[in-house]
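I have placed the structure first, in the form of structure tokens, so that the comments after it can refer back to it.
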Amino acid sequence: MIDMDDVITIKGFERLVKEFLGYELDWKQAGENYYWQDLLEDKKDDFFQFFITKNMYDYVDIREDSIRVIEKLNNEYDVYICTDYIWREVIENAGLNLKNKYDFLYRNFPFLDPRKFIFVGDKSIINCDIKIDDKLTNLSGNCELKLLFSEQHNKNLSDKYLKEQEVIRVNDWNEIEKIILEGVNCL
Ligand SMILES: [Mg+2]
Numbered sequence: 000m001i002d003m004d005d006v007i008t009i010k011g012f013e014r015l016v017k018e019f020l021g022y023e024l025d026w027k028q029a030g031e032n033y034y035w036q037d038l039l040e041d042k043k044d045d046f047f048q049f050f051i052t053k054n055m056y057d058y059v060d061i062r063e064d065s066i067r068v069i070e071k072l073n074n075e076y077d078v079y080i081c082t083d084y085i086w087r088e089v090i091e092n093a094g095l096n097l098k099n100k101y102d103f104l105y106r107n108f109p110f111l112d113p114r115k116f117i118f119v120g121d122k123s124i125i126n127c128d129i130k131i132d133d134k135l136t137n138l139s140g141n142c143e144l145k146l147l148f149s150e151q152h153n154k155n156l157s158d159k160y161l162k163e164q165e166v167i168r169v170n171d172w173n174e175i176e177k178i179i180l181e182g183v184n185c186l
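Its first residue numbered 0, the sequence shown is counted upward by one per residue in numbering that gives the first Met the number 0.
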């Protein structure tokens, strides 16, 4: 089970924030851990009204090596892309986000069976052997291998804590390739 936002796609949300504000937020001021939407404070509602007029996936970069490694994984495993499509701030527009996600995945991952795209609001219902996500709570449940993709909002989770949770931190897709396909043990 592979997450989409911040694991495959990056920078979309922050680019939209920048376009909305007309300037770049100084994230270093924000401390160690944050989600972009938390930095908007009283502009948050206006931002999300702007946000729903855009397709965030027109603004994203695809993480280096993700397509290559996912294609390799797909030759060995049943790969599912599992992504939450509901922005709580604009829940009535979630259907649009689902379409944008589907179109993006369909276009950029032609080797994946679209029937293996899973759109959810709650990932805890999914059981898989391997989970890759940037959000720790999405790695819960029975699972043989849990990989946490490093992001600003999970930076402060210590190695010790992650080890207790039996979670391995990964920083890029080459590490994922080594751990899953080459059996490199990082625990
Ligand atoms: Mg994510």
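Ideal Cβ placement from N, Cα and C applies to all residues, glycine included.
For my contact list, residue i and residue j are in at a C-beta cut-off of 8 Å; report their separation, rounded to the angstrom.
{"i": "I125", "j": "I117", "result": "7 Å"}
{"i": "D60", "j": "K10", "result": "5 Å"}
{"i": "W86", "j": "N96", "result": "6 Å"}
{"i": "L39", "j": "F46", "result": "5 Å"}
{"i": "I69", "j": "V78", "result": "6 Å"}
{"i": "L135", "j": "L156", "result": "6 Å"}
Please identify the residue among the options whose C-alpha is closest to the C-alpha of residue i.
{"i": "Y84", "options": "E75, F148, D77, G94", "result": "G94"}
{"i": "D4", "options": "L147, N173, I167, V183", "result": "L147"}
{"i": "C81", "options": "V68, Q164, D2", "result": "D2"}
{"i": "N184", "options": "D41, L144, T52, L15", "result": "L144"}
{"i": "E150", "options": "R106, R168, E23, G140", "result": "R168"}
{"i": "K43", "options": "E18, E88, Y76", "result": "E88"}
{"i": "T8", "options": "K154, E75, R114, N107", "result": "N107"}
By Cβ distance, which residues of its chain are closer than 8 Å to residue i, with the 5 residues on each side in sequence left out?
{"i": "K71", "result": "E176, L180"}
{"i": "D171", "result": "R62, E63, D64"}
Residues in the same chain with beta-carbon distance under 6 Å from residue i, minus the five sequence neighbours each way, listed in chain order, please.
{"i": "I129", "result": "L144"}
{"i": "N92", "result": "I51"}
How far does the alpha helix (DSSP H) with residue i in it extend, from its first residue to its last?
{"i": "F19", "result": "11-20"}
{"i": "L161", "result": "158-163"}
{"i": "L104", "result": "93-107"}
{"i": "F148", "result": "Counting along the chain, F148 falls outside any alpha helix (DSSP H), though it belongs to the beta strand (DSSP E) covering 144-148."}
{"i": "I131", "result": "First-last for I131: 129-132, but that is the beta strand (DSSP E), not the alpha helix (DSSP H)."}
Once the 5 residues before and after residue i are set aside, which same chain residues still bring their CB inside 7 Å of it?
{"i": "K122", "result": "C81, D83, N137"}
{"i": "G21", "result": "none"}
{"i": "S139", "result": "S123"}
{"i": "W35", "result": "F12, E13, V16"}
Span of the beta strand (DSSP E) holding residue i?
{"i": "I167", "result": "166-169"}
Around ligand 1, which residues pass a check of Cβ closer than 7 Å to any of its heavy atoms? Every residue passing the under-7 Å Cβ criterion appears here: D2, M3, D4, D5, V6, D132, D133, K134.
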